[in-house]
Amino acid sequence: MSPVLAGVLQLLALIAALALAYVPLGDYMAKVYSSDKHWRVEKWIYKGIGANPNTEMRWPAYLRGVLAFSAVGVLFLYLLQRLQGHLPGSLGFAAIDPDQAFNTAASFVTNTNWQSYYGEQAMGHVVQTGGLAVQNFVSAAVGIAVAVALVRGFSRSRTGELGNFWSDLVRGVVRILLPLSVVAAIVLVACGAIQNFSGIHSVGQFMGGSQQWNGGAVASQEAIKEVGTNGGGYFNANSAHPFENPTPFSNLFEIFLLLVIPFALTRTFGRMVGSLKQGYAILATMATIWLGFIALMMWTEFAHHGPAFQIAGGAMEGKENRFGVGASSIFAVSTTLTSTGAVDSFHSSFTGLGGGITILGMQLGEIAPGGTGSGLYGMLIMAIIAVFIAGLMVGRTPEYLGKKIGTREIKFAACYILITPALVLVFTAAAMALPTPGHSMTNSGAHGFSEILYAYSSGANNNGSAFAGLNADTQWFNSTIGIAMLLGRFLPMVFVLALAGSLAEQKPVPATAGTLRTEKPLFTGLLVGAILIITGLTYFPALALGPLAEGLAS
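If you read the sequence shown in this note's numbering, its first letter stands for residue 363, the second for the next number, and so on.
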């Protein structure tokens with residue numbers, strides 16, 4: 363079987379699995395966030411944290427809950443790392459340095475999971491399972507909660523109430539993420555992923571010395587790493603490591619895990635707003651971009667430039683022989699178009715244009731399908747921009763799902779789409795202009811610039827993957843990427859929740875002959891075009907200096 367055909371067959375199998383899960387999972391999540399009943403274990407949690415799950419919140423109160431909970435998470439995870447040397451199960455590892463502890467705390471609380479450390483050489487069992495894995499669950503649940511709040515803004519009228527953050531958070535963990543992760547962990551263990559709490563042990567003799575490995579609760583962390591679109595690996599090699607991703611089947615299964623909730627949330631959206639066709643329109647937009655990027659990536663990585671590539675069946679540098687070019691391309695696109703950041707190949711070793719595709723995927727805002735929750739609310743923001751553009755074309759006030767998109771709403775949407783590009787471009791420019799940050803680049807020229815552009819695109823967009831040729835474990839990068847992750851996560855949430863509150867207060871307007879039919883293929887095309895044009899106008903100069911220059915020169 364040719365490598366190209368193998369890649370296409372894997373893609374078709376993945377699409378079939380996602381299609382089978384779409385309706386039941388999407389409908390189930392809609393029921394979870396629409397139910398007024400609480401499970402017994404949830405009541406115990408509410409009692410423990412002192413929250414009343416039946417109290418409706420307006421958007422400022424909902425936002426305060428998000429920010430307060432996340433701030434406590436950053437502080438707790440920071441202290442856990444700083445005290446690691448005094449904790450049991452630390453495997454003898456010392457406390458993490460302050461700048462790296464800040465970076466890691468910000469990373470996992472923001473659902474970014476950027477790692478400037480070697481996991482197997484820095485973090486003990488307590489930090490890995492009691493700190494990082496816990497944040498994998500709750501940071502993903504926060505993203506879904508904010509998305510659900512925005513959906514309620516569309517579905518409710520004449521009220522500013524968006525639900526209860528604490529209820530949404532707990533239900534997301536208990537009813538969705540935890541059950542899916544348990545099942546996924548069992549499958550991964552069956553595939554060969556390790557799950558233990560063993561210490562450091564030597565493995566064989568290599569060039570006069572022994573190689574050392576430590577065990578860990580890898581399968582369980584791998585499961586929520588993908589289900590929650592987190593991406594932080596137990597080992598430095600991430601999903602290229604055989605302890606995390608043992609077989610081609612587990613590789614395809616992990617891609618399925620990182621895509622299934624973001625895609626299914628479009629069904630949840632359609633169900634909650636009372637129009638499944640609206641959900642299908644958003645799904646079609648996400649799927650069009652995702653499939654288009656996979657096609658481009660496979661084309662660039664399978665392109666045969668010379669006999670070496672022809673013999674290898676594609677650009678195999680930096681890719682696992684277990685997976686090949688096709689599966690690596692699907693994984694790379696899926697992980698950068700979501701906020702996952704997990705990798706089963708070395709993105710820095712992709713072709714120039716292939717590396718550019720991974721960067722562009724993040725710069726789109728990771729909305730195709732995006733992260734758990736963040737992909738849906740990011741796409742809905744772009745839908746508002748698209749209907750606004752359509753309204754300008756015909757000279758009437760735009761409407762979306764029966765809500766008028768006026769001056770206030772478009773200002774919130776505009777602020778949302780401007781925050782992340784500003785963070786990426788300003789920090790990239792500063793790093794290139796100052797003398798010290800450039801010392802971290804392994805490569806010079808266009809590829810070296812791409813390393814830094816990738817780092818800030820990954821941090822500000824809460825992705826977490828890297829062009830790993832960059833040495834990011836410096837005070838400059840730990841601090842600035844940490845700041846970019848925090849601002850890139852929580853400033854957009856401010857505008858999402860403010861927009862949700864504004865929409866919820868409106869009185870629905872009836873559709874007329876001039877209303878744009880947002881469930882039609884025409885709107886899907888308009889939305890895809892708006893996303894690509896806005897991103898292209900914003901980032902094209904930076905991409906031209908990095909991956910485009912490298913790709914055209916090769």
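The beta-carbon is built from N, C-alpha and C at its ideal position, and this holds for glycine as well. These numbers were taken from a predicted model, which means no experiment stands behind them.
Nonlocal neighbours in the same chain, by C-beta distance under 7 Å from residue i, ignoring five residues either side
i, result
"M744", "I729, L889, A892, I893"
"H809", "E912"
"Y440", "A463, F464, A467"
"V622", "L380, A383, L387"
"A752", "P760, L878, L888"
"C777", "F857"
"T798", "W838"
"P608", "C553, G554, A555"
"M659", "S691, A694, V695, G716, I719"
Residues near residue i in its chain [Cβ-Cβ closer than 8 Å; skip 5 each side]
i, result
"V536", "W401, V403, E404, I407"
"G636", "S517"
"F611", "C553"
"P460", "R444"
"M419", "G427, E523, L524, G525, N526, F527"
"A456", "Q446, G447"
Start-to-end residues for the alpha helix (DSSP H) that takes in residue i
i, result
"H844", "Reading off the sequence, residue 844 comes out as Gly, not His. Here the alpha helix (DSSP H) through G844 covers 837-867."
"H801", "Segment: none, H801 is in no alpha helix (DSSP H) and carries neither H nor E."
"I651", "638-664"
"V749", "736-756"
"E728", "Run containing E728: none; DSSP gives neither H nor E here."
"E912", "909-915"
"F527", "527-533"
"E771", "769-795"
"S543", "540-553"
Top-ranked residue by Cα proximity to residue i, from the options
i, options, result
"W575", "N558, G590, M724", "N558"
"I617", "A579, S690, T662", "S690"
"A413", "I747, R879, L512, D530", "D530"
"G887", "M755, L699, M648, G723", "M648"
"A512", "G727, V856, T790", "Checking the sequence, you will find Leu at residue 512 rather than Ala. Checked all of G727, V856, T790; the closest Cα to L512 is V856."
"N825", "Y816, N833, G831, L494", "Y816"
"V508", "R684, L742, S601, F455", "L742"
"G561", "S452, A646, F902", "S452"
"F470", "S432, M724, A873, R533", "S432"
"N823", "P797, F839, A791, V786", "V786"
"P883", "A643, P731, S820", "A643"
"F499", "L754, G898, G594", "G594"
"V551", "A375, D398, F615, T880", "F615"
"T720", "T662, S478, I747", "T662"
"K765", "C777, A776, M755, F750", "F750"
"G732", "H709, S711, Y762, T700", "T700"
"L907", "Q443, P365, G714", "G714"
"I767", "A875, T630, P870", "P870"
"F655", "A792, T697, G876", "T697"
"L376", "A904, G680, W652, A748", "W652"
"A834", "L859, A915, H801", "H801"
"K681", "V504, H709, I747, P783", "H709"
Secondary structure of residue i, DSSP reduced to three states
i, result
"E606", "coil"
"Y901", "helix"
"K399", "coil"
"I721", "helix"
"I562", "strand"
"E761", "strand"
"K882", "coil"
"R518", "coil"
"E418", "coil"
Same chain only: Cβ atoms within 6 Å of residue i, ignoring 5 sequence neighbours per side
i, result
"S543", "A585, I586, V589"
"G427", "F527"
"E813", "M803, F829, G831, L832"
"L387", "A626"
"T650", "V890"
"F964", "A question about residue 964 goes unanswered here, because the residues of the chain that appear run from 363 up to 916."
"T521", "A866"
"Q583", "A495, Y596"
"G515", "A862, L865, A866"
"A368", "G688"
Exercise for the section: Identify every run of the beta strand (DSSP E) within the segment 679-717, keeping only runs that are complete inside it and at least 3 residues long; order them along the chain. Expected result: Scanning the segment 679-717 for uninterrupted beta strand (DSSP E) segments of 3 residues or longer gives nothing; none is fully contained.
Handout entry: Length at least 4, wholly inside the segment 435-513: the alpha helix (DSSP H) runs in chain order
Key = Listed in chain order, they are 460-471, 481-484.
Exercise for the section: Let me know the beta strand (DSSP E) ranges lying completely inside the segment 571-631, each 3 residues or longer, listed in chain order. Expected result: Restricted to the segment 571-631, the beta strand (DSSP E) segments that are unbroken, complete and at least 3 residues in length are 571-576, listed in chain order.
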